[in-house]
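Per numbering that gives the first Met the number 0, numbering of the sequence shown is gapless, rising by one per residue and ending at 374. For every residue, glycine included, the Cβ atom is placed at its ideal position computed from N, Cα and C.
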Amino acid sequence: MNFKLSLLIAIFSTTLIASCDQTSNPAAPFVLNDSLWTEGTGVNNVNHFYASGTNMLTCTFCKLCEQAYIFISKDNGLTWQLDTALHVYNHHDTGPITDPLWLPAPMTFIKDGSYLLAGEGDVYHGDIYRSTDNGVTWSNKSTSWPSDDSDREDIYSFCLLHGKIFAGTDDGVFVSTDQGTTWSSANIGIPKISFYHAPISAIAALGNSLFASTWAFGIYRSDNDGATWRIVNTSDYSFGGLATVGPNIFAAAFNDYGKPWTGGVFLSTDNGNTWEHVDAGLSDHGVNSICTDGTYLFVSTDSSIFASSNGGACWTEISTRLAEQAGNGGASALYAYGNYLFANSGGGIWRYPLDSIQGFTFNIKSEKSFKLKGG
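Here's what the structure looks like:
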């Protein structure tokens, strides 16, 4: 049920021109030691990160046995051990998975009070599991995770808002008000594609609003805790990630095959009503992942990792030395936790100390912007 279809067309009113004012300091936006990347041991081919308590969790596929496994680190990602309490069989019906880094995370996590939830995704048999000890042991699956008779909905993302857990799935949005025990559909306004609602690649909360991004069907917003949704970005880009910094929300898009113009980073400063490109400084506009530590914004492509301290007006590559060490400077998953940025590059897990980055202040010259129809 993983759909990659094009349906809606973006209507541009003007063109964005954003640049950096470097007259006060013509140097790059950051001063950094790019050689400080350190590789973790004990796991590879991961495609998701999450921190719960003092534990970090990640997930990987076993290519031969086609199972998804959780690994845990108790030392900030330096060493990883297999979590033998939970692994799930991958019910993929297209044969062995040859490149798991291209797929959505098979296990997605969220912490709600004393419960850590793990949701299965991209296995064609999604389920919800819960842990009360930060992932060391896991309870039975959710009692009411929805099923469409042949398989249960896959989970790609979670977020929290107003005491509720929202799950982005391959059949729209679901919500739980009891820490993941029971779930109900929250899809009024999310379009149906054939028998299912549009797959939700990422879901995020900003203030009192929820945002849900899709692959090729735009970005949707709910201002009433998921009761109804309306489209605020009608682009047919394949949005794969959302990140919020203060009052702003960013959306990252892949490059669709045969459509090199469809990738990039988008910014909305007015709660999703209008969006503008903020990726002029990226050498590669096919963005796989986006995250923030609250100060810096980070994005990854197939070849590089970039950082910005001013909302995407200026970008600096921080993976030159990583490429030399890992054999590839790109990543499909990024995660900022504690004092580190984590990336899955070259098949391994790498971390970079955030306090080694010294930022400069730049101004955004946004002479024009565009509005995507539907906002």
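- Taking C-beta atoms under 8 Å as the contact rule, residue 237 and residue 253 qualify, at a distance of about 4 Å.
- Rounded to the nearest angstrom, the gap between the Cα atoms of residue 293 and residue 271 is 19 Å.
- Following the DSSP letters along the chain, one finds residue 319 inside the alpha helix (DSSP H) bounded by residues 319–325.
- By the neighbour-count criterion, in which a residue is buried when 16 or more other Cβ atoms sit within 10 angstroms of its Cβ, residue 194 is exposed.
- One Cα belongs to residue 57, the other to residue 333, and the distance between them is close to 11 Å.
- One alpha carbon belongs to residue 330, the other to residue 161, and they sit about 32 Å apart.
- In terms of CA proximity to residue 44, 79 leads the group 186, 79, 316.
- Under the criterion of beta carbons closer than 8 Å, residue 172 and residue 189 qualify as touching, at roughly 6 Å.
- No Cβ-Cβ contact shorter than 9 Å links residue 144 with residue 349.
- Around the CB of residue 226, fewer than 16 other CB atoms lie within 10 Å, so the residue is classed as exposed.
- Scanning the segment 188–221 from its first residue to its last, the whole beta strand (DSSP E) runs of 3-plus residues come out as 199–205, 208–213, 218–221.
- The beta carbon of residue 110 lies closer than 7 Å to those of 51 in the same chain, with the five residues before and after it left out.
- Between the C-alpha atoms of residue 289 and residue 240 there is a straight-line separation of about 6 Å.
- CA-CA distance, residue 67 to residue 184, rounds to 26 Å.
- Look at residue 281 here: in three-state DSSP terms it is coil, with no helix or strand label.
- The beta-bridge partner set that DSSP reports for residue 73 is empty.
- If you ignore the 5 residues before and after residue 138, its C-beta comes within less than 6 Å of the C-beta of 129, all in its own chain and listed in chain order.
- The alpha-carbon of residue 178 is positioned some 32 Å away from that of residue 41.
- Bridge partners of residue 339 according to DSSP: 336, 352.
- Shortest Cα-Cα distance from residue 303 to any of 296, 286, 312 involves 286.
- Short of 7 Å from the beta carbon of residue 338, and not among the five residues preceding or following it, lie these beta carbons of its own chain, in chain order: 352, 353, 354.
- A distance below 6 Å between beta-carbons, with the five flanking residues on each side excluded, links residue 301 to the following residues of its chain, in chain order: 329.
- Shown here, residue 34 sits in a helix according to DSSP, grouped into three states.
- Around the beta-carbon of residue 206, fewer than 16 other beta-carbon atoms lie within 10 Å, marking it exposed.
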